[in-house]
Amino acid sequence: MRIAVIGAGPAGVRAVETLVAAGHRPVWIDEAREGGGRIYQRPPQSLRRDARMLYGFEARKAEGVHATFERLAPVVDWRPETLVWHIRPQARRLSTQHQGRTQATVDYDAAILCTGAMDRVVPVPGWTLPGVTTMGAAQIALKTQGCSIGARVAFVGTGPLLYLVAYQYAKAGVTVAAVVDTTPFATKFAAAPGLLRGGATFVKGIYYIGWLRAHGVRVVEGATPVAINGTTDVQGLRWRGSDGREDLVACDAVGMGWGLKPEAQLADLAGVPFRFEPLQHSWIPECDTSGRTPVEGHYLAGDGAAIGGADVAELAGARAALALLQDAGQSVDAVRVAALDRALAGQQRFRIALERAFPYPAALAASVADETLLCRCEGLTAGELRAAAREDHDVGPAPEMNRAKAFTRVGMGRCQGRVCGPAAAEVLAASLGRDVASIGRLRGQSPVKPMPMLVPEATP
Amino acid sequence: MSETCDALVLGGGGAGCSAALHLAKRGLRVILLERGLVGGQASGVNYGGVRQQGRHAAELPIARRSREMWGRMREIAGTDAEFTVTTHLKLARNAEEEAELVAYLDIARDYGLSLRMVGSNSIHLEYPWLSNSVVAGSLSPEDGSANPRLLAPALAHAARAAGAVICEGTRIVELSYAGGMFLLRAEDGREFQAPLLLNVAGFWGGAVAEAFGEKAPVAPMSPNMMVTEPLPYFITPNIGVVGGNVYLRQIPRGNVIIGGGHGESDPSKPWSRALPEVSLQTQAHAVALVPELAGAHVIRSWSGIDGVTPDHLPVIGPSRTTPGLFHAFGFSGAGFQLGPAIGAIMTELMVDHATDVPLDAFRIDRFQTAAGDTP
Chain A
317 MRIAVIGAGP AGVRAVETLV AAGHRPVWID EAREGGGRIY QRPPQSLRRD
367 ARMLYGFEAR KAEGVHATFE RLAPVVDWRP ETLVWHIRPQ ARRLSTQHQG
417 RTQATVDYDA AILCTGAMDR VVPVPGWTLP GVTTMGAAQI ALKTQGCSIG
467 ARVAFVGTGP LLYLVAYQYA KAGVTVAAVV DTTPFATKFA AAPGLLRGGA
517 TFVKGIYYIG WLRAHGVRVV EGATPVAING TTDVQGLRWR GSDGREDLVA
567 CDAVGMGWGL KPEAQLADLA GVPFRFEPLQ HSWIPECDTS GRTPVEGHYL
617 AGDGAAIGGA DVAELAGARA ALALLQDAGQ SVDAVRVAAL DRALAGQQRF
667 RIALERAFPY PAALAASVAD ETLLCRCEGL TAGELRAAAR EDHDVGPAPE
717 MNRAKAFTRV GMGRCQGRVC GPAAAEVLAA SLGRDVASIG RLRGQSPVKP
767 MPMLVPEATP
Chain B
15 MSETCDALVL GGGGAGCSAA LHLAKRGLRV ILLERGLVGG QASGVNYGGV
65 RQQGRHAAEL PIARRSREMW GRMREIAGTD AEFTVTTHLK LARNAEEEAE
115 LVAYLDIARD YGLSLRMVGS NSIHLEYPWL SNSVVAGSLS PEDGSANPRL
165 LAPALAHAAR AAGAVICEGT RIVELSYAGG MFLLRAEDGR EFQAPLLLNV
215 AGFWGGAVAE AFGEKAPVAP MSPNMMVTEP LPYFITPNIG VVGGNVYLRQ
265 IPRGNVIIGG GHGESDPSKP WSRALPEVSL QTQAHAVALV PELAGAHVIR
315 SWSGIDGVTP DHLPVIGPSR TTPGLFHAFG FSGAGFQLGP AIGAIMTELM
365 VDHATDVPLD AFRIDRFQTA AGDTP
């Protein structure tokens, strides 16, 4: 059986491990040079540092994933630096491009998509200044390149990553100017009983916050970001506190992010239906707890299926591989399946509490000021999108996201809505006076990421 | 309960929306029925060429009339739908293709369309970014391009303002004719009645005709389209080639829109998508024509569903079986430019029972064999 696994993060590694143990030799594809995914991304050889320094508490897990990857890569059809830019579920064929140069197709009988996640962004005036990155990008710069995004960095957003990245930056010797959390303390406090289910994960979260405060880092909760100051570069971060007063810290870089969302374009192209998940406040591809999608032969695992974090991804990767084997008629270890299902169910309860503790600030996104740039690729402001929802719009009002895209170009640029999509949906839904789940989502189209046109073979 | 009006328009593409506008302006109570959103298929996803050059001679009178309307689109529809006279340059890559361009000059002249031949010396002087594979070109100064995502919605918006009722999300599942009235029933049970019915249902137009006992062979056809990231603006004309395996244009924003070949589709959903192999082949053709495009990033591909007939000409005109029924469908990938005029012409046929535009080549019964059956 020809099996393709796309993604070599924690989910992909554990999926391939399970398949290899069952005697398969899958095609394994990742955009990166090595396995580990974004969460356990490794520096280039010349910048290698101690895992403990790079991954902190997660060092042991990271080393486990890396070691497994290194054991597996030589025994499977490992294809690094390869973008899967299209998938045809009926033909069961992947279109890939290696290093932006070589095209290849991969035919498969079953595929596990472990495509990971990306940051969710709320546009704030000044968010496109050089020196502003997503939280994930700030973390990768540190982990992979040993670089900070600035000398004096402020972080704004919400979610566990906010405190983790701030902590990692401070530990690395960067001045953290402030950590500005849009979630009030009370919201997190209310979710605390559920968070206790997370055990060590929850304790680590508390530890980061405590450590930051103990080291004199300013931590603000329940704040509303007002602007990132500066004209050619970042000068400061401005916010309004829960008491309504405006405040400002000087900084030369800002990391921002409001949780993660699945990178699910391949699942979309594969024809997997999506549903709006109210708790994550996000569209997610449909699959059962084992990763089976309604499209036969196609499985999802990890953050690409629904945000669950690295630990869930490892469990889900193994579980999806077992589901695939079961569906192929191979016998699998029932005890292991049951153990994985139990562990995943436990994690799910913690996840629910985590989402409640750090909710996506939909109202903040919906109220992005008219003059603020919303879609950076196409240079579209929030006001221009709002105009497309009005009755007097010159080609009529746009009743849903894809029509709004057609009319205004929102989400039509290089990112194809991966960055602006969530906030744009909030802006449009609010303008139409409708629920965000009722206005649809931007349709996925190939290529999954921008792909260079190739020079035709030179004729001598 | 059924809604009764003077004319039903079945299909919300460019032609249907234009017809709804023109019929409403003539004082008819019009209801337009569209399965999805207006301009959702061929009219909305096409390349956006507003091109007369290269058309079959029979289409030129319609194209000429439409071109005149495109020039007044802001007045007609409240927006120009980004219509820009960019010129259209059709390229030859060998002597045989060049001969074809030369032969077409006379056809165009007969219909008042003036073209200019650009020979092998001047073509590379005037368009230095073209590769050496190009040997000549034919320039149509009054052709251009527009934004296909805007035309049908703008015409529908204007039609509404003129009093037409536009019913989107209305899938018709049953059509009948009795006692001089057409009765159309939607999936959700709503019924619509009128003495006039205009079939502008694109690919689905064939099935509509068949419901009234007329066979017109229409196959689904999905243009394979893609667009690059913005590049410095250098390709001013809308570019085509003899044979048509690639066509491309750049908008002032910098994106290059490239088409060629066909994607895959399932009209029953409806669903369509560009095919990766076709996209790569078309990219190679594009780079062979404009070498500077090598390395440019393609950011999106798409398709839609149009209807193609065996002779690649649309069906336009009155039904041969049912009084009050009129057809305009099967534009075979070349309907975007014609849409505005089709609406005006069909209105003349339906209201005045006559039009100045010759339509004989588009008769629905042209597909019938001597045996009276479709081949």
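Residue numbers (the numbering used here), protein chains in the order written: chain A, 317 to 776; chain B, 15 to 389. For every residue, glycine included, the Cβ atom is placed at its ideal position computed from N, Cα and C.
#### Entry: Other residues of its chain near glycine 510(A): CB distance less than 6 Å, five sequence neighbours each side excluded
Ala669
#### Entry: Own chain, CB closer than 7 Å to valine 481(A), minus 5 neighbours either side, in chain order
Met451, Ala454, Gln455, Phe471, Gly571
### Task
Can you give me, in chain order, the residues of the region 71 to 103 of chain B that have a beta carbon less than 9 Å from any beta carbon in chain A?
Ala91, Gly92, Thr93, Ala95
### Query
By how many angstroms is the C-alpha of histidine 340(A) removed from the C-alpha of glycine 442(A)?
50 Å
### Query
Does any residue of chain B bring its CB to less than 8 Å from the CB of leucine 770(A)?
yes
### Task
At 8 Å on the CB atoms, spell out the chain B contacts of arginine 730(A), in chain order.
Glu243, His311, Ile313
### Query
Does the count of Cβ pairs from the region 175 to 191 of chain B and the region 71 to 91 of chain B closer than 8 Å reach three?
no
### Query
CA-CA distance, alanine 384(B) and arginine 40(B)?
Low confidence applies here, because alanine 384(B) scores a pLDDT of 46, under 50, leaving its location unreliable; read the following figure in that light. Cα to Cα, alanine 384(B) sits roughly 40 Å from arginine 40(B).
### Query
How do the region 346 to 362 of chain B and the region 312 to 331 of chain B stand: do at least 3 beta-carbon pairs fall below 8 Å, yes or no?
yes
### Message
Would you call the region 413 to 432 of chain A in contact with the region 363 to 377 of chain A, where contact means no fewer than 3 C-beta pairs closer than 8 Å?
### Response
no
### Message
If the criterion is Cβ atoms closer than 8 Å, does the pair asparagine 213(B) and serine 293(B) meet it?
### Response
no
### Query
Helix or strand or just coil, what does DSSP make of alanine 407(A)?
coil
### Query
At what residues does the beta strand (DSSP E) containing glutamine 646(A) begin and finish?
Counting along the chain, glutamine 646(A) falls outside any beta strand (DSSP E), and DSSP gives it neither H nor E.
### Task
Under 7 Å Cβ to Cβ from alanine 507(A), same chain only, skipping five residues before and after it: list those, please.
Ala669, Arg672, Ala673
### Query
With 8 Å set as the bound, which would you pick, yes or no: does the beta-carbon of methionine 434(A) sit closer than that to a beta-carbon of chain B?
no
### Task
Would you list the one or two residues that DSSP bridges to arginine 204(B)?
DSSP, once it has assigned bridges, lists no residue as partnering arginine 204(B).
### Query
Which bits of chain B does histidine 597(A) rub up against, with CB to CB less than 8 Å?
What histidine 597(A) touches in chain B: nothing, since even the nearest Cβ is about 26 Å away.
### Query
What three-state label does DSSP hand glutamine 413(A) in the structure shown?
strand
### Query
Exposed or buried, what is aspartate 374(B) when buried is set at 16 or more other beta-carbons lying within 10 Å of its beta-carbon?
exposed
#### Entry: For methionine 317(A), three-class secondary structure by DSSP
coil
### tryptophan 555(A) beta carbon less than 8 Å from that of valine 469(A)
no
### Query
Could you give the residue range of the alpha helix (DSSP H) that holds asparagine 718(A)?
717 to 724
### Query
Apart from the five residues on each side of it in sequence, which residues of its chain come closer than 6 Å, Cβ to Cβ, to alanine 122(B)?
Leu129
### Query
Whose Cβ in chain A lies nearer than 7 Å to the Cβ of histidine 3(B)?
This structure leaves residue 3(B) out entirely; chain B is present only between 15 and 389.
### Query
What's the call for isoleucine 345(A), buried or exposed, on a 16-neighbour Cβ count within 10 Å?
buried
### Query
Rounded to a whole number of angstroms, what is the C-alpha to C-alpha distance between glutamate 182(B) and alanine 170(B)?
10 Å
### Query
Does the distance from the CB of valine 149(B) to the CB of alanine 106(B) come in under 8 Å?
yes
### Query
Shortest alpha-carbon distance to isoleucine 378(B) belongs to which of Ile253(B), Gly220(B), Gly274(B)?
Gly220(B)
### Query
Which whole-angstrom value is the C-beta distance of glutamine 67(B) and proline 284(B), which I expect to be below 8 Å?
Their Cβ separation, rounded to whole angstroms, is 31 Å, which puts glutamine 67(B) and proline 284(B) out of contact at 8 Å.
### Task
Have a look at leucine 35(B) and proline 234(B) and give me their C-alpha separation to the nearest angstrom.
27 Å
### Task
Give the interface partners of alanine 308(B) over in chain A, defined as CB-CB distance under 9 Å, in chain order.
Pro768, Met769, Leu770, Val771, Pro772
### Query
serine 362(A) by DSSP, collapsed to three states: which one?
helix
### Task
Have a look at methionine 87(B) and aspartate 568(A) and give me their C-alpha separation to the nearest angstrom.
50 Å
### Task
Under 8 Å by Cβ, that's how I've got asparagine 718(A) and leucine 758(A) pegged, so tell me the actual separation to the nearest angstrom.
6 Å
### Message
Assuming the contact rule is C-beta atoms closer than 8 Å, valine 440(A) and alanine 543(A) should be a hit. Round their C-beta distance to whole Å, please.
### Response
6 Å
### Message
Using only the alpha-carbon positions, how far apart do threonine 746(A) and aspartate 686(A) sit?
### Response
First, the amino acid is wrong: residue 746(A) is alanine here, not threonine. Alanine 746(A) and aspartate 686(A): Cα-Cα distance of roughly 13 Å.
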